[in-house]
Structures are given as structure tokens and as C-alpha cells.
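Data block below; observations after.
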Amino acid sequence: MTDREVRQRRGRRVLASVGGAVVLLTACGPENRQNTLRPHGSSAQKILDLFRWPFWIAILIGVLVLGATVFAAIRFRERPGNENPKQVHGNTALEIGWTIVPLLILVVIAVPTVATIWDLAKAPRANALNIRVVGKQWWWEFQYPDQKIVTGDEFHIPAGRQVRLQLTACDPSLGSGAALCNVIHSFWIPELAGKQDVVPGRTQRLVIQADRNTAGRTFLGQCAEYCGLSHARMRLRVKVDAPDKFDEWIASQQQRPDPLFDKRGNATSDAAKLIGKYGCASCHSIDDPSKNSYGPNLAHLASRENFASDSYPLTKENLTRWILDAPSMVPMQTKGCPRGQKPGCVGMPSFTKNLAPGDSPMSTRDAETIASYLLNQK
Ligand code: CUA
72 MTDREVRQRR GRRVLASVGG AVVLLTACGP ENRQNTLRPH GSSAQKILDL FRWPFWIAIL
132 IGVLVLGATV FAAIRFRERP GNENPKQVHG NTALEIGWTI VPLLILVVIA VPTVATIWDL
192 AKAPRANALN IRVVGKQWWW EFQYPDQKIV TGDEFHIPAG RQVRLQLTAC DPSLGSGAAL
252 CNVIHSFWIP ELAGKQDVVP GRTQRLVIQA DRNTAGRTFL GQCAEYCGLS HARMRLRVKV
312 DAPDKFDEWI ASQQQRPDPL FDKRGNATSD AAKLIGKYGC ASCHSIDDPS KNSYGPNLAH
372 LASRENFASD SYPLTKENLT RWILDAPSMV PMQTKGCPRG QKPGCVGMPS FTKNLAPGDS
432 PMSTRDAETI ASYLLNQK
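Under the working numbering, the sequence shown has 304 at position 233, and the numbering climbs by one with no breaks.
See below:
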């Protein structure tokens, strides 16, 4: 292979990598619904405003540096008669210059950055809505302490009103022990606000506000800190309601479904019998919308669009499959824990695989009965 061919081949490789990068980056196009460049909330807007002009400064510096590098590489390349170009060393004025200029640029950028950080950390107004967010493996729980409702994967906020999120990775109200304290997650709804780490043993705060004109819209969120097997699937959605619609939603979530069991502990329906048999209620709050639980509260499951951390549309077929064998639909550490939660088991058990001795697999009919019951819980 001649030198020319080697160079041509190298050129083609560079072109292919640039082309590949362009294709990858187009994934950030208008269809992306987690776009920090299209803010719909005041926090996200402030962050974008801060980002915008240093971005162009960075582009300018990047172009200058790359341009100078390419220029020097071409201008002073090795060629006949120029095997060893003139060697130079040291230029005090230049070195002082390129130390001081970046320093000044950073100082100029630091002023609005610090101001924005303080601004975003400000306490919300008194009429802010309170929501407690608990990061779990691998889903988000939303507790509305003043309205006494609990939901998971999907939550509602009123348009144009501040929301004070208190984020935690522990849920001591469920008892004690390591299983109830989780790993580090990061809560992120790109179109509404920046990321906030969710750390065991701490309560973090984040104020979000969706613009007044976003009533009726849904924003998507995502856990942004690696937290184990299903980190990539730890999604969420927030629905923005007009204030009156939001009140309606709260009222419908506060409605208590008929109890699964009567005062003497007898199942009140065929579905309740199965829910008792398979121990669903040991992890899920099913007939009490005000209670938080190890797994998502299912009292109003049917009011949500998707389930399993926004992974699957809530259809009877999907839900039945999920009840039978959830670990086959979302990666979870449930090996050796066929029923209920024991330490070391993270996620929903399979009722058809890894069964304990003596357990028979759940029948599709049983799963369908439970699914139908849950899908009636609007
Ligand atoms: Cu939770 Cu990643």
C-alpha cells in the first residue's frame, strides 16, 4: 500500500466517524421529549439562559484552537526541504496572555453561574405544592402529604404553580433496615428543571414549576445516576394540569376503593382472594390510596398511562404478563425470592419461575383476574 492509499484510507475512516457522530446526535432532534434546550419551566429556562452565551464563547475558543492546530499541522508539516522546521521555545508575553485571558473568561462566567445557583436554591413561595419523592429500585414514588395520596411512576402538578419536591432514597415509614434505604438516584425532568441527586440518609430539595401554558402536557423524566440493573428504565412522567383539573385529579385519587378484605379478614372478591393468596398486598398498597408501600401504590393504577417505571403501556395483556413474570419484562434481582421481599431481592418476584419448593406457578387465569381488578381501579 502506498503512502497515498494509507492517507486516503485514514481520510475515509475520519469521514465515517464524523458521519456516525452526526447520526447519533440527530437523536437529540425534535422528537426527543427530554430536551434541556426546550424548557417549559422557570428553572429549566434559567439554566438554559445561563448555558447559552458561554456555549458560544466555548464554540469560538474551540474553533480558534482547532483552527490554529490544523493550520500549524498543515503549514509546518514535514515535506522535502522542510524535514526539521525552525525550533522555537518560550514566549513570555504569549504565556502570560493565555493564562490571564481564560482566567478572566472563567471569572466572568462564574458571576451569573453563582447567581443562578442561589436563585434556583431559593425557598419556594408559600402556596407551593408539597410532594415527597422517594427513589426506589427502580421506580419513583410520589407522596402528597397535604392531600394524603400516594402514587408511583406518574404524577400530576398544577400549571404555573411552584412545587416543592423533597427527595429521598429512604422510606423509614416502612420500618427499618437496609432494604428500606436505597442507593443513590438522580431525579431529572429535563424540560422542567436540572438534575437533583437523591441520596440515602438525606432529604434534598428541588423546586419545579411548569409554565402556565403547559396545562394538558406531559413531560418525561429519567433517573440520571446509575443505580443498578434497571437504572436505564427508571423513568417517570409528570402531567401538568390546569388548576381546576388538578383539583379534580386529587379528588379522584383520594377516593378509596372498596376494601379487599372485610373486618374479619375475608376476601371481598375473587380477585381479593388471589391477591391474598399470592401476597401482593405485602408489597403493594392496593385499596388505600393514602399509604406508601414497598412497591408502587396500586389503588388508582388504572388512572396511569404506563406502568413498570413508564416501561409499558397499561394494557390487560401487558399487565397479565407482568403479574405472571415481571423479571422477564424488566431486569430485576429476584432470583431465589419467589414470593414477597427478602433482603437481597430487588424488584417484583416471578410467579412462574424460581418458585419455592411446594409452590405451583400462577395460572394465566389468576393473573388475568388480578389484572382485570387492577384495571378497574381508575
Ligand atoms: Cu435510579 Cu438510576
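Beta carbons: idealized from backbone N, C-alpha and C, even for Gly.
- Mind checking whether the beta-carbon of residue 297 lies closer than 7 Å to any heavy atom of the ligand CUA? Yes.
- Item | Residue closest to residue 228, alpha-carbon to alpha-carbon, out of 287, 267 and 127 | The shortest Cα separation from residue 228 among 287, 267 and 127 belongs to 287.
- Query: Hey, residue 115 and residue 264: beta-carbon distance below 8 Å or not?
  - Reply: At the C-beta level, residue 115 and residue 264 come within 8 Å of one another.
- Message: With the cut-off set at 8 Å, would you say residue 281 and residue 112 are in Cβ contact?
- Response: Their beta carbons are under 8 Å apart, which means residue 281 touches residue 112 by this criterion.
- Would you check if the distance between the CB atom of residue 307 and the CB atom of residue 211 is smaller than 8 Å? Note that the C-beta distance between residue 307 and residue 211 is below 8 Å.
- Where residue 148 and residue 168 are concerned, what is the direct C-alpha to C-alpha distance, given to the nearest angstrom? Their backbone Cα atoms lie some 26 Å apart in a straight line.
- Given a threshold of 16 other Cβ atoms within 10 Å of its Cβ, counted over all protein chains shown, does residue 270 qualify as buried or as exposed? It is buried - the Cβ of residue 270 has at least 16 other Cβ atoms within 10 Å.
- Query: Taking the alpha helix (DSSP H) that residue 165 falls in, what are its first and last residues?
  - Reply: Run containing residue 165: 163 to 192, per the alpha helix (DSSP H) assignment.
- Could you tell me which of 241, 82 and 217 sits nearest to residue 235, measuring between CA atoms? The shortest C-alpha separation from residue 235 is found at 217.
- Using three-state DSSP, classify residue 373 as helix, strand or coil. Three-state DSSP puts residue 373 in a helix.
- Item | Simplified DSSP assignment, three categories, for residue 298 | In the structure shown, residue 298 sits in coil (DSSP, three-state: anything other than H, G, I, E or B).
- Message: To the nearest angstrom, how far is the alpha carbon of residue 294 from that of residue 322?
- Response: Approximately 29 Å, taken between the alpha carbons.
- Item | Nearest to residue 328 (by Cα), restricted to the options 173, 319, 337 and 357 | Cα-wise, what sits closest to residue 328 is 357.
- Query: Is DSSP giving residue 319 helix, strand or coil here?
  - Reply: Correct three-state label for residue 319: helix.
- Test item: CB-CB of residue 185 and residue 368 under 8 Å: Not closer than 8 Å, so no.
- Using the C-alpha atoms, what's the distance from residue 325 back to residue 189? If you take the alpha carbons of residue 189 and residue 325, they lie about 36 Å apart.
- Query: When the Cα atoms are used, what is the spatial distance from residue 158 to residue 141?
  - Reply: Spanning the two alpha carbons is a distance of roughly 18 Å.
- CB-CB under 7 Å to residue 333, same chain, minus the five flanking residues each way: which ones, in chain order? Cβ neighbours of residue 333 beyond the five flanking positions: 339.
- Could you pull out every unbroken alpha helix (DSSP H) segment of at least 4 residues lying fully inside the region 73 to 145, listed in chain order? Taking only runs of at least 4 residues, the alpha helix (DSSP H) segments lying wholly in the region 73 to 145 are 74 to 96.
- Test item: CB-CB of residue 203 and residue 214 under 8 Å: Yes. Within cutoff.
- Task: Compute the beta-carbon to beta-carbon distance between residue 418 and residue 438, rounded to the nearest angstrom, for a pair I have assumed lies under 8 Å.
- Result: Here residue 418 is actually not in contact with residue 438; their C-beta atoms are around 17 Å apart, not less than 8 Å.
- Item | Secondary structure of residue 418, DSSP reduced to three states | In the structure shown, residue 418 sits in coil (DSSP, three-state: anything other than H, G, I, E or B).
- Message: Please identify the residue among 274, 191 and 311 whose C-alpha is closest to the C-alpha of residue 285.
- Response: Check the Cα spacing between residue 285 and each of 274, 191 and 311: the tightest is with 311.
- Message: Beta-carbon within less than 7 Å of residue 432's beta-carbon, same chain only, minus the 5 sequence neighbours each way: which residues are those?
- Response: Around residue 432: 422, 423 and 426.
- Task: Have a look at the DSSP bridge pairing and note the partners of residue 147.
- Result: Residue 147 has no beta-bridge partner at all, per DSSP.
- Query: Considering residue 347, what are the terminal residues of the alpha helix (DSSP H) in which it resides?
  - Reply: For residue 347, the enclosing alpha helix (DSSP H) begins and ends at 341 to 348.
- With burial defined as no fewer than 16 other Cβ atoms inside 10 Å of the residue's Cβ, what is the status of residue 89: buried or exposed? Exposed, because fewer than 16 other Cβ atoms sit within 10 Å of the Cβ of residue 89.
- Task: Over the uninterrupted beta strand (DSSP E) stretch that includes residue 392, give me the two end residues.
- Result: Not the beta strand (DSSP E): residue 392 falls in the alpha helix (DSSP H), residues 387 to 396.
- Message: Checking 8 Å against the spacing of the C-beta atoms, do residue 255 and residue 345 come in under that value?
- Response: Taking a C-beta distance under 8 Å as the contact criterion, residue 255 and residue 345 do not qualify as a contact pair.
- Contacts around residue 183, its chain only, beta-carbon distance under 8 Å, and the 5 residues preceding and following it disregarded: Excluding residues up to 5 positions away in sequence, 121 lie with their Cβ nearer than 8 Å to the Cβ of residue 183 in the same chain.
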